[in-house]
Amino acid sequence: MATRTPLVAANWKMNGTLATIRPLLHQIKQGLLSADNPEVTICVPYIYIQEVRDVLQGSKLSLGAQNVSEHLSGAYTGEISAPMLADFSCRYVIVGHSERRSFYQESDQIIADKFMKVCAQGLVPILCVGEQLQEREAGVTEQVIARQLNEVIHKAGIGLFENAVIAYEPVWAIGTGLTATPDQAEEVHGFIRLQLARHADAIADKIRILYGGSVKAENARELFSRPDIDGGLIGGASLVAGDFLAICQATR
Ligand code: PEP
Numbered sequence: 029m030a031t032r033t034p035l036v037a038a039n040w041k042m043n044g045t046l047a048t049i050r051p052l053l054h055q056i057k058q059g060l061l062s063a064d065n066p067e068v069t070i071c072v073p074y075i076y077i078q079e080v081r082d083v084l085q086g087s088k089l090s091l092g093a094q095n096v097s098e099h100l101s102g103a104y105t106g107e108i109s110a111p112m113l114a115d116f117s118c119r120y121v122i123v124g125h126s127e128r129r130s131f132y133q134e135s136d137q138i139i140a141d142k143f144m145k146v147c148a149q150g151l152v153p154i155l156c157v158g159e160q161l162q163e164r165e166a167g168v169t170e171q172v173i174a175r176q177l178n179e180v181i182h183k184a185g186i187g188l189f190e191n192a193v194i195a196y197e198p199v200w201a202i203g204t205g206l207t208a209t210p211d212q213a214e215e216v217h218g219f220i221r222l223q224l225a226r227h228a229d230a231i232a233d234k235i236r237i238l239y240g241g242s243v244k245a246e247n248a249r250e251l252f253s254r255p256d257i258d259g260g261l262i263g264g265a266s267l268v269a270g271d272f273l274a275i276c277q278a279t280r
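With this note's numbering applied, the sequence shown covers 29 to 280.
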């Protein structure tokens with residue numbers, strides 16, 4: 029089995045101002061100076077990318093974006109392209125977050141296009157998948173996850189998953205304080221790995237699958253101890269330096 033380096037990704041969403049992100053970033057950077065930390069990336073609002081890039085320079089932390097256009101360039105007012113993110117040294121790009129799927133009607137097809145644009149720039153997509161509460165209750169979690177994954181695999185090709193990350197984020201657990209139990213999360217992570225293995229064993233073995241959904245310092249260690257959970261995508265708790273650092277340490 030491949031040894032997978034844990035990854036913890038902060039998703040600041042649309043939070044913060046310069047006055048709050050500067051001290052937050054400084055504390056996170058200071059707290060992650062020691063060698064035995066996981067890989068950490070901070071996915072920030074577009075407008076702070078340059079600021080955060082400057083602060084992170086020379087550190088082991090990388091920079092990430094929360095979204096990207098499905099187009100390469102052109103008349104798409106207000107959008108940001110993958111080449112623009114590459115220009116500013118972004119390493120990771122979240123695609124298909126449930127908030128993008130639900131508030132901005134992003135379809136599996138659009139998400140697949142975004143995934144491909146990110147890969148084409150040599151950046152790493154963090155592809156989010158996850159079921160709604162009604163879907164879990166109806167017993168169709170696996171069908172939903174399989175559809176979300178397969179649409180991207182069919183359009184982009186399994187080869188692009190060689191350099192991708194997947195985040196399993198049950199929608200009912202995002203920002204709600206409800207967390208999937210480690211057993212529930214591990215079951216879906218195992219299912220995702222199995223789906224990928226149907227196309228390419230080596231990629232399924234190597235790919236990092238993060239869990240996201242109300243991860244906190246108190247529940248992180250147990251989640252991350254499961255064999256198919258390779259780290260976390262952290263929303264609310266990434267806005268509090270102490271909480272985020274405790275989550276990073278829980279990967280050890
Ligand atoms: C997220 O935004 O991806 C997320 C998991 O948020 P939270 O940790 O706040 O549930």
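Glycine is no exception: its CB is placed at the ideal position from the N, C-alpha and C atoms.
Legend entry - Ser126 in three-state terms, based on DSSP: helix
Legend entry - Gly301 - DSSP class collapsed to helix/strand/coil: Since the first residue shown for the chain is 29 and the last is 280, residue 301 is missing from the structure and cannot be characterised.
Legend entry - Proximity winner among Leu261, Tyr104, Gln176, Pro210, relative to Phe143 (alpha-carbon distances): Gln176
Inset, instruction - Could you tell me the distance, in whole angstroms, from the CA atom of Met42 to the CA atom of Glu197? - result: 18 Å
Legend entry - DSSP-derived helix/strand/coil call for Leu35: strand
Legend entry - For Ala192 and Ile154, the rounded distance between their alpha carbons: 6 Å
Inset, instruction - Give a single yes or no on whether Ala148 has its beta carbon closer than 7 Å to a heavy atom of the ligand PEP. - result: no
Inset, instruction - With DSSP collapsed to three states, give me the class of Val121. - result: strand
Legend entry - C-alpha gap between Thr169 and Leu222, whole angstroms: 15 Å
Inset, instruction - For Ala208, name the three-state secondary structure that DSSP assigns. - result: coil
Legend entry - Where Leu161 sits in the DSSP three-state scheme: helix
Legend entry - Asn247 CB to nearest heavy atom of the ligand PEP below 7 Å: no
Inset, instruction - Following the continuous beta strand (DSSP E) through Gly260, name the residue where it begins and the one where it ends. - result: 259 to 262
Legend entry - As assigned by DSSP and simplified to three states, the class of Ala195: strand
Inset, instruction - Evaluate Glu165 with the Cβ neighbour count: other Cβ atoms within 10 Å of its Cβ, from every protein chain shown; 16 or more gives buried, anything less gives exposed. - result: exposed
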